[in-house]
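In UniProt numbering, the protein residues as written are 1 to 452.
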């Protein structure tokens, strides 16, 4: 129910009853005209599902239209045997919501949107939706049609649209992006804490989690949020169960993904095939292996070596292994994961640095190739590849925190980033604004390094 409807209901309910009781019966009083409601009328006999999702129920029985459309179990509350309205009607209750409280509620209500939010929504649909699943533009168009049913999905989409727009617009929408992100995460956590989820509800939760993950890839300080929420994507994905193959994101299935990748690379070369990148990357992993100690660090080095070394001999197997790059985060126990992302665990940070570079190398050709399959979208999607931008910020930031004795183990990723920045068709002003206070920024942005 909208805030305007709540306001109208309070104005026409307990307060007016208390006022009528205070007047003597002998005194004829002209009947007050009812205050018209704003928005839709209040649904008092709606089903339990609609009430829990805070949407208006059409009250059709035995199954309301909303539940029928979303394939939900529809249950209506038992009728009140006494027939007594349970809304408080005392003068004290009527005055419980002071005008200031109502105003504050209207300002912070998650369902309140502005004209600027409409711009964020449009920008998401055209330019900022996640590049996965491959060829998934229609998937995200379908997902966007579910936003009026799920607050967490609506706010996650608006947050990503605002973050992406801020990166390439003279106007900053950082505050708006953060506001939507906070609301989305809070609402999503509340949803995930409940049980009895339908396939459509899990689809909405998975879409929101994936969108929040990609929004973190637009945040200079969002590396560990990116890793944590990406880990959450796989945990939420487990809620699909056997229904995964019939959901909107079924092309995420491993073999389907590999088949689509091979179709793209039938026309476009791969980074690792065009240079000695694979050899250099594997040499850097070999060097890093000398200081790795934990099981997670050693296993990640082995996985990354397998991905890079098999591109030339068996590209399909390389991308099959690549699908485990972030999935393995979900396989770590909570203590193992906490240790892996610990800011004081410099060896793990070096491993993460290599993960980011490998992720960029493996994914950028997929995302760029997918853009060319949608005529009219290539130009707007060109700059979406946040990995090619935010990887620079994150790698520079990690390098700036490393002890001197470990700096050499990150030399290859840092040099890769330096070359990546040189290739991007953007001036130093853009990079300085994007990198902000990242450690080592001035050295990376020196005239000598930025000159082609």
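A virtual CB, placed ideally from N, CA and C, is assigned to each residue, including glycine.
With residue i and residue j assumed to form a contact (beta carbons below 8 Å), what rounded beta-carbon distance in angstroms separates them?
i           : j           : result
residue 468 : residue 416 : The question about residue 468 has no answer, for the chain in this structure spans 1 to 452.
residue 325 : residue 355 : 6 Å
residue 247 : residue 199 : 6 Å
residue 161 : residue 132 : Not confirmed; about 17 Å, so no contact.
residue 209 : residue 236 : 5 Å
residue 164 : residue 127 : 7 Å
What's the C-alpha gap between residue i and residue j?
i           : j           : result
residue 190 : residue 171 : 33 Å
residue 73  : residue 148 : 19 Å
residue 205 : residue 308 : 33 Å
residue 75  : residue 49  : 7 Å
residue 345 : residue 54  : 44 Å
residue 317 : residue 225 : 29 Å
residue 80  : residue 115 : Residue confidence is low: residue 80 scores 45 on pLDDT, short of 50, so the model does not pin down where it sits. Its coordinate-derived value is still stated next. C-alpha separation (whole angstroms): 42 Å.
residue 152 : residue 279 : 44 Å
residue 418 : residue 392 : 8 Å
residue 141 : residue 157 : 11 Å
residue 403 : residue 258 : 39 Å
residue 146 : residue 340 : 36 Å
residue 63  : residue 202 : 21 Å
residue 68  : residue 186 : 27 Å
residue 305 : residue 313 : 13 Å
residue 214 : residue 124 : 12 Å
residue 117 : residue 334 : 36 Å
residue 342 : residue 220 : 18 Å
Which class does residue i belong to by DSSP, given the choice of helix, strand or coil?
i           : result
residue 276 : coil
residue 63  : coil
residue 191 : helix
residue 307 : helix
residue 292 : coil
residue 72  : coil
residue 341 : coil
residue 243 : helix
residue 47  : coil
residue 393 : helix
residue 172 : coil
residue 222 : coil
residue 347 : helix
residue 333 : coil
residue 112 : coil
residue 145 : coil
residue 207 : helix
residue 238 : helix
residue 124 : helix
residue 129 : coil
residue 196 : coil
Less than 9 Å separating the beta-carbons of residue i and residue j?
i           : j           : result
residue 255 : residue 320 : yes
residue 194 : residue 159 : no
residue 223 : residue 398 : yes
residue 483 : residue 166 : Residue 483 cannot be examined here, being either before or after the span of the chain that is shown, 1 to 452.
residue 351 : residue 277 : no
residue 207 : residue 143 : yes
residue 329 : residue 231 : yes
residue 327 : residue 234 : yes
residue 315 : residue 390 : no
residue 420 : residue 360 : yes
residue 409 : residue 287 : yes
residue 136 : residue 251 : yes
Would you say residue i lies against chain D (beta-carbon separation less than 9 Å)?
i           : result
residue 276 : Going by chain labels, chain D is absent from the structure shown, which holds only one protein chain.
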